Amino acid sequence: MIKLILFDIDGTLIDSAEANWRFLNTLNKKYGGRQLVFEDYKKDFYAYPMRTVIKLCCPKIAESVLDEACKYGVSIYPEFHKLIKVNKNAVELLNKLYGNYKLGIVTSRIGTRIIDELGIRKFFQHIITFNDYKRPKPDPEPLLIAFERFNIKPENTVYIGDNQKDVDCSKSAGCKSIVFGDAAKGDWNIDDFLQVLKILKSETS
277 MIKLILFDID
287 GTLIDSAEAN
297 WRFLNTLNKK
307 YGGRQLVFED
317 YKKDFYAYPM
327 RTVIKLCCPK
337 IAESVLDEAC
347 KYGVSIYPEF
357 HKLIKVNKNA
367 VELLNKLYGN
377 YKLGIVTSRI
387 GTRIIDELGI
397 RKFFQHIITF
407 NDYKRPKPDP
417 EPLLIAFERF
427 NIKPENTVYI
437 GDNQKDVDCS
447 KSAGCKSIVF
457 GDAAKGDWNI
467 DDFLQVLKIL
477 KSETS
C-alpha cells in the first residue's frame with residue numbers, strides 16, 4: 277500500500293524550463309561558458325543540478341570559481357521566478373492527496389524559495405534538496421534520505437518525476453515511479469496529474 281508520495285520539482289510540479297535556461301545562460305556568459313540553445317538545454321541539461329551544468333558548459337572553470345558561480349547563481353535566480361508556473365492540475369492533485377498520504381519533495385534544487393512563492397509548501401512535510409545529500413540522482417541517496425525522514429519503507433512509496441534519472445533513482449532505492457510526460461518509462465506514465473489518483477486507487481484495490 278502506498279503511504280508516501282514524493283515529488284520532483286522541475287519538469288514535474290512546475291514548468292521551469294525557460295527560467296532555468298535563461299538563468300544558466302546568464303551564468304555561462306558571466307563565467308565564460310557556452311550559450312545553450314533552448315532545445316539542447318531541455319534535451320541534455322534540464323535534469324542536472326546547477327553546479328553540474330556550469331561544469332559542463334565551463335569545463336576549465338576552477339573549483340574555487342565554481343563555488344563562487346554557484347553562490348552568485350543562488351543570489352540571482354529569484355529574478356527568473358516570474359517565468360515559472362505550476363503545471364496544470366498539480367495543485368488540484370496536492371489538495372486531493374493532502375491528509376490522505378504523506379507528501380514530500382526530492383529535488384536537485386539548492387533553494388526552495390519558489391515553493392513558497394507558488395504557495396505549495398504547506399502540502400509537504402519534508403523537502404530534500406541538493407544540500408541534503410552528497411550523491412545526486414540517479415544515485416538512490418536522495419530518496420533513501422526521504423524514506424528515513426518519513427520513517428516509511430520504499431515499498432510503500434512512489435516517486436513522481438519526469439526523466440530517466442528519476443526512474444533510475446527510484447529503482448535503485450526500491451520504490452515505484454510515476455513519470456510525468458514521455459521522456460522516460462516509469463512503472464506508470466501520466467500526461468495529467470489527476471491520473472495519479474487512478475494509479476493510487478488501483479494499488480489499494
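Adding 276 to a residue's 1-based position in the sequence shown gives its number in our numbering.
Just so it is clear, CB atoms sit at the ideal spot from N, CA and C, and this is done for glycine as well.
Bear in mind that the values here come from a model prediction, so they are computed numbers and not experimental data.
Worksheet item: Since Val-434 and Ser-453 are thought to touch, with beta carbons under 8 Å apart, how far apart are those beta carbons, to the nearest angstrom?
Response: Position 158 of the sequence shown, counted from the first residue, corresponds to residue 434. Position 177 of the sequence shown, counted from the first residue, corresponds to residue 453. Sure, about 7 Å apart at Cβ, within 8 Å.
Item to complete: Tell me whether the beta-carbon of Ala-293 lies closer than 8 Å to the beta-carbon of Lys-318.
Response: The sequence position of residue 293 within the sequence shown is 17, counting from 1. The sequence position of residue 318 within the sequence shown is 42, counting from 1. By the CB criterion at 8 Å, Ala-293 and Lys-318 fall inside the cutoff.
Item to complete: Could you have a look at Lys-361 and say whether DSSP puts it in helix, strand or coil?
Response: Looking up residue 361 in the sequence shown gives position 85. Correct three-state label for Lys-361: strand.
Worksheet item: Hey, Thr-280 and Asn-407 are a contact pair by Cβ (cut 8 Å); roughly how many whole angstroms apart?
Response: Mapped onto the sequence shown, residue 280 falls at position 4. Mapped onto the sequence shown, residue 407 falls at position 131. In the sequence as displayed, the identity of residue 280 is Leu instead of Thr. No, Leu-280 and Asn-407 are not in contact; Cβ-Cβ is about 21 Å, not under 8 Å.
Practice prompt. Ignore the nearest five residues each way along the sequence and tell me which others in Leu-300's own chain have a CB closer than 6 Å to its CB.
Written response: Taking the first residue of the sequence shown as position 1, residue 300 is located at position 24. The residues are Val-329.
Discussion item. According to DSSP, Val-455 sits in a beta bridge with which residue or residues?
Written reply: The residue labelled residue 455 in the question sits at position 179 within the sequence shown. Gly-437 and Asn-465.
Fill in: Beta-carbon proximity check, Gly-380 vs Phe-426, cutoff 8 Å
As a working note, residue 380 is residue 104 in the sequence shown. As a working note, residue 426 is residue 150 in the sequence shown. Yes, they are a contact pair.
Worksheet item: Curious, which full-length alpha helix (DSSP H) runs of at least 4 residues does the region 376 to 439 contain?
Response: 389 to 393 and 417 to 426
Discussion item. Once DSSP output is grouped into helix, strand and coil, what is the label at Ile-316?
Written reply: Locating residue 316 in the sequence shown gives position 40, where the first residue counts as 1. The sequence shown places Asp at residue 316, rather than the Ile named in the question. In this structure, Asp-316 counts as helix in the three-state DSSP scheme.
Worksheet item: What's the call for Arg-385, buried or exposed, on a 16-neighbour Cβ count within 10 Å?
Response: Here residue 385 is taken as the residue at index 109 of the sequence shown, counted from 1. Arg-385 comes out buried.
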